[in-house]
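Note sheet for the following structure.
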């Protein structure tokens, strides 16, 4: 998919965690047939800093990466987004909206 690596790196940075993106290996056209979902391959392991720790190409394979909890803890100390001024206030409101069920209902129309 377009921007696969960029999106995985962004999610790692946003959430300050390791992200593992798994994608089926690309099949040759003679095997995949017409009209099937196009696969990309390039399964990737991203670190909490948004760095690519391991990546496959389009062929089948396996990757390994060492995931160290202290890297997550260190990054969260360096960039403490969870203690920013409005973090709890904003996310509390999001939880209330989701819990009310109004995300599945059309908004009221003003007359």
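Residue numbers (UniProt numbering): 1 to 111.
We treat Cβ as the ideally placed atom computed from N, Cα and C, and that holds for glycine.
A quick note: this is a predicted structure, and the numbers were derived from the prediction, not measured.
Annotation for residue 72: the continuous alpha helix (DSSP H) segment containing it runs 69-78.
Inter-residue distance for residue 68 and residue 12 is about 14 angstroms (C-alpha atoms, whole angstroms). Separation of residue 60 and residue 96 (C-alpha to C-alpha, rounded to the nearest whole angstrom) is 44 angstroms. In terms of Cβ geometry, residue 10 and residue 58 do not form a close pair [threshold 8 angstroms]. Taking 8 angstroms as the cut-off, the Cβ atoms of residue 44 and residue 6 do not count as close.
Taken through DSSP and simplified to helix, strand or coil, residue 54 comes out as strand.
Within a 10 Å sphere around the beta-carbon of residue 19 sit 16 or more other beta-carbons, which makes this residue buried. Excluding the 5 residues flanking it on each side, residue 49 has same chain C-beta neighbours closer than 8 angstroms at 12, 13, 71 and 75, in chain order. Burial check for residue 46: the Cβ neighbour count within 10 Å reaches 16 or more, so the residue is buried.
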